[in-house]
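A.B. asks: For the sequence shown, the working numbering gives the first residue as 2, with consecutive numbering after it.
Positions of the beta carbon are idealized from the N, C-alpha and C atoms, including for glycine.
Starting off with a structure, shown below.
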Amino acid sequence: MLTENLSISIVIPVKNEADNISGLFADIKRMCEDNFQRYEIIVVDDGSQDGTKDVCKHLHPLKYVSFDHNYGQTAALDCGFKLATCDYVAALDGDGQNVPGDIPGMLRYLVDNNLDVVCGWRKLRRDNIFRRLLMKMAYYMRQIFLHDGIHDSGCTLKVFKREVLEGLNLVGGQHRFIPAILRERGWKVGEIEVLHLPRHCGKSRYRSFSRVYNGMMDLYEIRSGHASERHSSYKVKEVVDY
């Protein structure tokens with residue numbers, strides 16, 4: 002098996018996912034034990050107020066990181082990436098809509114095609130029509146201004162070589178533009194279709210009209226070359242190994 006001699010860090014940004022994180026963790030742990038020699042699972046809690054931490058206390062092995070309040074998904078991913086120690090890093094949402102079982106195939110695709118990053122493409126989206134329309138608009142805007150060549154840049158499910166993330170500082174809502182940022186730095190970026198499941202519990206904590214405006218501002222900064230002028234401002238409250 003290609004992945005059996007490799008190590009992987011799994012980064013999961015969460016906000017109020019107490020009802021979802023336990024089942025997702027079990028799926029990730031099973032996938033990692035079946036495919037990787039060494040692994041670590043990093044949950045970055047972006048200001049949850051629903052008992053997410055209490056659930057995480059019973060999950061092992063887990064590195065639990067919490068912020069002092071809500072900073073957003075980009076900050077949570079940036080923090081998790083900086084804590085990752087394995088050969089490869091995978092990121093996925095904490096709501097259970099991404100499928101951990103897609104990660105080994107994404108890594109094989111990365112290695113077979115000599116890539117540095119593989120992005121998930123949720124070709125069959127399990128979202129409402131309004132959400133799909135917004136994503137379609139975002140796709141065309143990225144192609145006009147950034148030419149990143151990626152269908153679904155907003156899909157959190159991605160696999161990276163860890164060295165790709167060194168020196169990467171994500172701010173604002175820049176997680177949506179990771180492929181464009183990395184391609185601009187000379188890294189080879191690919192894409193593969195992945196599954197997208199319906200959300201079983203709760204509702205998304207990272208969807209609002211303000212994201213449209215913020216996304217446009219991030220797009221402008223990246224296109225104009227000003228993105229590197231901003232710095233991360235989140236504050237980590239605790240880091241605990243369970």
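Report the rounded CA-to-CA distance for Gln38 versus Lys64, giving the unit in angstroms.
C.D. replies: Numbered from its first residue, the sequence shown carries residue 38 at position 37. Numbered from its first residue, the sequence shown carries residue 64 at position 63. Each residue's Cα considered, the two are about 18 Å apart.
A.B. asks: Assuming the contact rule is C-beta atoms closer than 8 Å, Ala91 and Lys159 should be a hit. Round their C-beta distance to whole Å, please.
C.D. replies: Mapped onto the sequence shown, residue 91 falls at position 90. Mapped onto the sequence shown, residue 159 falls at position 158. Contact flag correct, Cβ pair sits at about 7 Å.
A.B. asks: Look at the alpha carbon of Val118 and the alpha carbon of Ile9, and state the distance between them as a whole number of angstroms.
C.D. replies: Taking the first residue of the sequence shown as 1, we reach residue 118 at position 117. Taking the first residue of the sequence shown as 1, we reach residue 9 at position 8. Rounded to whole angstroms, Val118 to Ile9 spans 14 Å at the Cα level.
A.B. asks: Over what stretch of residues does the alpha helix (DSSP H) that includes Phe26 continue unbroken?
C.D. replies: Reading the sequence shown from its first residue, position 25 is the one you call residue 26. Ile22 to Asn36 is the extent of the alpha helix (DSSP H) around Phe26.
A.B. asks: When you compare each of Lys238, Trp188 and Leu198 to Leu111 by their alpha carbons, which one comes out closest?
C.D. replies: Here the question's residue 111 lines up with position 110 in the sequence shown. Leu111 has its Cα closest to that of Trp188, out of Lys238, Trp188 and Leu198.
A.B. asks: Can you check which of these residues, Val66, Pro101, Ser49 and Lys16, is closest to Met32 by C-alpha distance?
C.D. replies: Residue numbering aside, residue 32 sits at position 31 when the sequence shown is read from its first letter. Among Val66, Pro101, Ser49 and Lys16, the Cα nearest to that of Met32 belongs to Pro101.
A.B. asks: Alpha carbon to alpha carbon, how far is Lys54 from Ile22?
C.D. replies: If you number the sequence shown from 1, residue 54 lands on position 53. If you number the sequence shown from 1, residue 22 lands on position 21. Cα to Cα, the separation comes out at about 10 Å.
A.B. asks: By Cβ distance below 8 Å, which residues in the same chain neighbour Ala19 in space, the five residues on each side in sequence not counted?
C.D. replies: Within the sequence shown, residue 19 is the residue found at index 18, counting from 1. Cβ neighbours of Ala19 beyond the five flanking positions: Ser49, Asp51, Gly52, Thr53, Asp55 and Val56.
A.B. asks: Using the C-alpha atoms, what's the distance from Phe178 back to Leu84?
C.D. replies: Mapped onto the sequence shown, residue 84 falls at position 83. Mapped onto the sequence shown, residue 178 falls at position 177. Their Cα atoms are separated by approximately 21 Å.
A.B. asks: Taking the beta carbon of Phe210 as the centre, do at least 16 other beta carbons fall within 10 Å, making it buried, or is it exposed?
C.D. replies: Taking the first residue of the sequence shown as 1, we reach residue 210 at position 209. Below a pLDDT of 50, predicted positions are generally treated as unreliable, and Phe210, at 48, falls in that range; no measurement from the model is reported.
A.B. asks: Which one or two residues does DSSP pair with Cys120 in a beta bridge?
C.D. replies: Taking the first residue of the sequence shown as position 1, residue 120 is located at position 119. Looking at the DSSP assignment, Cys120 forms a beta bridge with Lys159 and Glu192.
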